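S.K.: Residue numbers for the sequence shown follow our numbering, beginning at 4 and rising by one. Structure provided below as structure tokens; questions to follow.
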Amino acid sequence: MARIRALPPQYTKRFHPEDYFKPLKWENVFAVKHPVEIELGAGDGSFLIKYASKYPEINLLGIERLLGRIRKIDRDTHRAGVGNIQLFRIEAGYFLKYLAPGRSIRAVHVYFPDPWPKIRHHKKRLINEDFVKKCAGILEPGGMVHLRTDHPHYFDQMLDVFGRNECFEKSIPSESLTAIKTDFENHFNDQGIQTQYASYQLQK
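Written out as structure tokens, the structure reads:
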């Protein structure tokens, strides 16, 4: 039987919420009180670290389900000397449903989520009507959702589900935001694959 290796204490404390069934208290997550933004599916952390470095007055929470990626982001965060990032190893959908405090997040970033291209798998896509409703509940008034994908059909779905929700109004992504690219994005842009951007602001 394969041995199950326990996580070192520093990872266990840092990468998991204190309670999996209660909304977070931001004062227990971040040492300094700043506006909170989250990235769902932080990947290799390239956007998260660049963004946090540029905006030290913002607290960034990275959500990622893969432990290897979480550990890489943690190492890179320390190497970069960035102190306004925290990380949770958890599914994005679970975080939104159970852990995200209501009306407390300034922005949600979702960049290049799995497009699940096969029709029978479309129900697994993160960005759907339920996602939009959850974002409306966790964002502070005037809060933003920022989206990126290189998958045209998925982008159409994103536009559709947000466009049908009266709580959100489409916004133009700022150049200062789109200039901060993920490593994944740079790689595919170099191959001629273009990024589709969309931003939405909570109105109600």
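The beta-carbon is built from N, C-alpha and C at its ideal position, and this holds for glycine as well. Since the structure is predicted, the reported quantities are computational estimates derived from the model, not experimental observations.
With distance defined between alpha-carbon atoms, name the residue in 103, 161, 113, 157 nearest to residue 185.
M.R.: As a first step, residue 185 must be located in the sequence shown, where it is residue number 182. Cα-wise, what sits closest to residue 185 is 113.
S.K.: Note down the Cα distance separating residue 9 from residue 119, rounded to an integer number of angstroms.
M.R.: Counting from 1 along the sequence shown, the entry for residue 9 is found at position 6. Counting from 1 along the sequence shown, the entry for residue 119 is found at position 116. Interpretation of residue 9 is limited by its pLDDT of 46, a score under 50 that renders its predicted location unreliable; the figure taken from the coordinates is listed afterwards. Cα to Cα, residue 9 sits roughly 32 Å from residue 119.
S.K.: With 16 other CB atoms within 10 Å as the buried threshold, where does residue 105 fall?
M.R.: Mapped onto the sequence shown, residue 105 falls at position 102. So residue 105 ends up on the exposed side.
S.K.: At the level of alpha carbons, what is the spacing between residue 204 and residue 89?
M.R.: On the sequence shown, position 201 is the one that residue 204 refers to. On the sequence shown, position 86 is the one that residue 89 refers to. If I take the Cα positions, the gap works out to 24 Å.
S.K.: Beta-carbon separation of residue 110 and residue 147 under 7 Å?
M.R.: For the purposes of this step, residue 110 is taken as the residue at position 107 of the sequence shown. For the purposes of this step, residue 147 is taken as the residue at position 144 of the sequence shown. Taking 7 Å as the Cβ cut-off, residue 110 and residue 147 qualify as a contacting pair.
S.K.: Between 122, 87, 134, 138, which has its C-alpha nearest residue 108's C-alpha?
M.R.: Residue 108 sits at position 105 when you count from the first residue of the sequence shown. Closest option to residue 108, Cα to Cα, is 138.
S.K.: Under a Cβ-count criterion, where at least 16 other Cβ atoms within 10 Å of its own Cβ denotes burial, should residue 18 be classed as buried or exposed?
M.R.: Here the question's residue 18 lines up with position 15 in the sequence shown. Residue 18 is buried by the Cβ-count criterion.
S.K.: Relative to the alpha-carbon of residue 117, which residue among 99, 91, 155 has its alpha-carbon at the smallest distance?
M.R.: Position 114 of the sequence shown, counting from 1, holds the residue named residue 117. Comparing Cα-Cα distances from residue 117 to each of 99, 91, 155, the minimum goes to 155.
S.K.: Within 10 angstroms of its Cβ, does residue 65 collect 16 or more other Cβ (buried), or is it exposed?
M.R.: Your numbering for residue 65 matches position 62 in the sequence shown. By the neighbour-count rule (16 or more Cβ atoms within 10 Å), residue 65 is buried.
S.K.: How would you write the range of the alpha helix (DSSP H) that residue 160 sits in, first residue to last?
M.R.: For the purposes of this step, residue 160 is taken as the residue at position 157 of the sequence shown. Start and end: 155-166.
S.K.: Any idea what DSSP makes of residue 195, helix, strand or coil?
M.R.: In the sequence shown, the residue the question calls residue 195 occupies position 192. Coil at residue 195, not helix or strand.
S.K.: Considering only residues of the same chain and omitting the five flanking positions on each side of residue 94, which have a CB-CB separation below 6 Å?
M.R.: For this step, residue 94 is matched to residue 91 along the sequence shown. Excluding sequence neighbours, residue 94 sits near 68.
S.K.: Could you tell me the boundaries of the alpha helix (DSSP H) in which residue 46 lies?
M.R.: The count along the sequence shown starts at 1 and reaches residue 46 at position 43. Per DSSP, residue 46 belongs to no alpha helix (DSSP H) and is neither H nor E.
S.K.: Per DSSP, what kind of secondary structure is residue 151 in: helix, strand or coil?
M.R.: Taking the first residue of the sequence shown as 1, we reach residue 151 at position 148. In the structure shown, residue 151 sits in a strand (DSSP, three-state: E or B).
S.K.: DSSP three-state call for residue 190: helix, strand or coil?
M.R.: Start at 1 with the first residue of the sequence shown, and residue 190 comes out as number 187. Of the three classes helix, strand and coil, the one that applies to residue 190 here is helix, per DSSP.
S.K.: If distances are taken between C-alpha atoms only, which option among 22, 86, 92 comes closest to residue 47?
M.R.: Here residue 47 refers to the residue found at position 44 of the sequence shown. Of the listed residues, the one whose Cα sits closest to residue 47 is 92.
S.K.: Roughly how many whole angstroms lie between the Cα atoms of residue 151 and residue 101?
M.R.: What you label residue 151 is simply residue 148 of the sequence shown in a count that begins at 1. What you label residue 101 is simply residue 98 of the sequence shown in a count that begins at 1. Taking the straight line from one Cα to the other gives about 24 Å.
S.K.: How would you label residue 132, buried or exposed, when you count the other beta carbons within 10 angstroms and need 16 or more for buried?
M.R.: Within the sequence shown, the letter at position 129 stands for residue 132. With fewer than 16 Cβ atoms within 10 Å of its Cβ, residue 132 is classed as exposed.
S.K.: Return the residue from the list 182, 77, 144 that minimises the CA-CA distance to residue 63.
M.R.: Working through the sequence shown from its first residue, we reach residue 63 at position 60. Of the listed residues, the one whose Cα sits closest to residue 63 is 77.
S.K.: Considering residue 134, what are the terminal residues of the alpha helix (DSSP H) in which it resides?
M.R.: By one-based count along the sequence shown, residue 134 stands at place 131. It spans 132-141 - the alpha helix (DSSP H) in which residue 134 sits, taken as one unbroken run.
S.K.: Could you give the first and the last residue of the continuous beta strand (DSSP E) run that contains residue 31?
M.R.: Within the sequence shown, the letter at position 28 stands for residue 31. Residue 31 -> not in any beta strand (DSSP E); alpha helix (DSSP H) instead, spanning 29-32.
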